[in-house]
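The structure appears right after this line, and notes come after that.
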Amino acid sequence: MRHLLAFLVLSLAISPAMACETVQLGSLEISEAWSRASIGMARPGAFYVTIRNTGATDDTLTAITTPVSDKPMLHETVVKDGVASMPHAMAIPVPAGSTMALEPGGYHGMLMGLTKVLKEGEEFPVTLTFREAGHVTVPVLIRGMGARDAGCPDIKK
Amino acid sequence: MRRRRLLLAGASGVGALIMTLGLGWWRSRGDVQSGSSLMPLPIGEMSFTLTDHRGATVKPSDWIGRPAIIFFGFTWCPDVCPTTLGDITLWLEELGHDADRLNTFLISVDPERDTPEELAAYLSNFDPRITGLTGPLGEIERAAKGFRATFEKIPRGDGYTMNHTAGVLLFHDDGRFGGIVDYHEERRFALPKIRRVLK
Chain A
1 MRHLLAFLVL SLAISPAMAC ETVQLGSLEI SEAWSRASIG MARPGAFYVT IRNTGATDDT
61 LTAITTPVSD KPMLHETVVK DGVASMPHAM AIPVPAGSTM ALEPGGYHGM LMGLTKVLKE
121 GEEFPVTLTF REAGHVTVPV LIRGMGARDA GCPDIKK
Chain U
1 MRRRRLLLAG ASGVGALIMT LGLGWWRSRG DVQSGSSLMP LPIGEMSFTL TDHRGATVKP
61 SDWIGRPAII FFGFTWCPDV CPTTLGDITL WLEELGHDAD RLNTFLISVD PERDTPEELA
121 AYLSNFDPRI TGLTGPLGEI ERAAKGFRAT FEKIPRGDGY TMNHTAGVLL FHDDGRFGGI
181 VDYHEERRFA LPKIRRVLK
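Line order of the protein sequences matches chains A and U.
Note that UniProt numbering numbers the first sequence so that position 33 is 33, with each residue one more than the last.
Note that UniProt numbering numbers the second sequence so that position 75 is 75, with each residue one more than the last.
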């Protein structure tokens, strides 16, 4: 029993960060990174994530990179007079003490030029670059095509 | 998390307010321009011919007799369209068999890429009661005109994306316009609106 427990603790410690787990980068907490399953590789994919800045310094998300996309970009869905457009976002602000969610209908990552089919239930890494905090790589959970959120159990309440 | 909740609640409150003001403006603008020129036409007054994702020919006159839900989108759209189709799927599931009486259509604004086959592959991920429509650009333009929807091709990188009307349009079974579920409207307001056209 003790061996089993030791083994479990050890395997948890060495397992890579799982999607749904919060990844810490300085005073940034990055969680709920998710995407949607794709049909083939022709259509662009989307990337969503929640970034909480617990520090006293404003930060900015300036870029994302991932092996599953040749051309990942930051976009914002804007609905004006009922018409949706998706302008390119040069950077996404993450002000001190606030939470910035990249979520459906707002800021999101657009994964152009997929290099592989995104299959529901699998994961892929995305590296986020922040102006102040630097880089961090997080696991991204691929959800069904009709998903609206990461579907993580909400343990932070 | 609590703070985020509060922020969200605040934001959706502001959103609802903007929506209300926006709708008021939209309505009054419609009145100013002799009647309801900005309202979608009744379905019975529209005229276009499209092909559904199963290959059948579809005309709006076929829709009279059933309430309808119509959404303009395209399958290359990474954010708004899967989100809206995911919403519509949830609504149809919640309505259960009541939704069997509904005609639910996604009209593609990107017929260049959205063939009936592409629409079929895409829609297999959502409620099977959603029918995809595509056809010659001219016919889609005629449909959009009737629904007072707009779309525009935007070059991007090597390809293009589409701007398009994002609201979900509701119609009564006699073809009268029955309201819009705005894209940023709180989703819980959608079901009562749909139930109203189901009556």
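Think of the CB as a built atom: it goes at the ideal place given N, C-alpha and C, for glycine as much as any other residue.
Along chain A, in chain order, which residues have C-beta atoms closer than 8 Å to that of residue i?
i, result
"Gly157(U)", "Lys71, Met112"
"Gly167(U)", "Gly82"
"Ala121(U)", "Ile39"
"Phe126(U)", "Met145, Gly146"
"Thr161(U)", "Met86"
"Thr89(U)", "Gly146"
Given this structure, state the Cα-to-Cα distance separating residue i from residue j, to the nearest angstrom.
i, j, result
"Thr165(U)", "Asp79(U)", "14 Å"
"Met162(U)", "Asp81(A)", "15 Å"
"Thr62(A)", "Glu112(U)", "33 Å"
"Glu118(U)", "Thr49(U)", "19 Å"
"residue 158(A)", "Glu139(U)", "The question about residue 158(A) has no answer here: the residues shown for chain A are numbered 1 through 157."
"Pro116(U)", "Gln24(A)", "45 Å"
"Val126(A)", "Phe74(U)", "26 Å"
"Ser36(U)", "Gly144(A)", "Bear in mind that the predicted position of Ser36(U) carries a pLDDT of just 44, short of 50, making it too unreliable to give a figure here."
"Met112(A)", "Asp114(U)", "18 Å"
"Ile88(U)", "Phe72(U)", "13 Å"
"Arg131(A)", "Ala101(A)", "17 Å"
"Glu120(A)", "Pro44(A)", "16 Å"
"Thr129(A)", "Ile92(A)", "11 Å"
"Ala56(U)", "Asp127(U)", "19 Å"
Tell me whether residue i is buried or exposed, calling it buried when 16 or more other Cβ atoms sit within 10 Å of its Cβ.
i, result
"Asp98(U)", "exposed"
"Ile70(U)", "buried"
"Ser34(U)", "Because the pLDDT of Ser34(U) is 36, which lies under 50, any placement of that residue in the model is unreliable, and the question is left without a value."
"Thr84(U)", "buried"
"Met18(A)", "exposed"
"Glu93(U)", "exposed"
"Gly109(A)", "buried"
"Pro82(U)", "buried"
"Phe189(U)", "exposed"
"Gly159(U)", "exposed"
"Ile154(U)", "exposed"
"Asp174(U)", "exposed"
"Pro95(A)", "exposed"
"Ser28(U)", "Only weak support is given to the placement of Ser28(U): the predicted model assigns it a pLDDT of 39, under 50, and the question is left unresolved by the model."
"Leu118(A)", "buried"
"Leu123(U)", "buried"
"Pro67(U)", "buried"
Which bits of chain U does residue i rub up against, with CB to CB less than 9 Å?
i, result
"residue 177(A)", "What is shown of chain A runs 1 to 157, which leaves residue 177(A) out entirely."
Could you tell me which residues DSSP puts in a beta bridge with residue i?
i, result
"Asp59(A)", "Val94(A)"
"Ser35(A)", "Phe47(A), Ile142(A)"
"Tyr183(U)", "Answer by DSSP bridge pairing: none, since Tyr183(U) is not bridged."
"Ala68(U)", "Asn103(U), Phe171(U)"
"Ile30(A)", "Val23(A), Ile51(A)"
"Phe53(U)", "Here residue 53(U) turns out to be His, not Phe, going by the sequence shown. Its beta-bridge partners do not exist; DSSP assigns none."
"Leu74(A)", "Gly109(A)"
"Lys80(A)", "Val83(A)"
"Glu123(A)", "Leu141(A)"
Could you name the residues of chain A that residue i contacts, counting a contact when the two beta carbons are closer than 7 Å?
i, result
"Thr150(U)", "Val83"
Chain C beta carbons: is any one of them nearer than 8 Å to that of residue i?
i, result
"His135(A)", "No chain C is present in this structure, whose protein chains are A and U."
I want to verify the contact list: residues of chain U whose CB lies under 7 Å from the CB of residue i, in sequence order.
i, result
"Ala147(A)", "Gly86"
"Pro104(A)", "Asp79, Thr83"
"Arg36(A)", "Pro82"
In chain A, which residues lie with their C-beta within 9 Å of the C-beta of residue i?
i, result
"Trp76(U)", "Ala42, Arg43, Pro44"
"Thr104(U)", "Result: empty, since nearest Cβ-Cβ is about 14 Å, beyond 9 Å."
Just list the alpha helix (DSSP H) runs in the region 99–167 of chain U, keeping only unbroken ones of 4 residues or longer that don't cross its boundaries, in chain order. Entirely contained in the region 99–167 of chain U, the alpha helix (DSSP H) runs reaching 4 residues are, in chain order, 116–123, 137–147.
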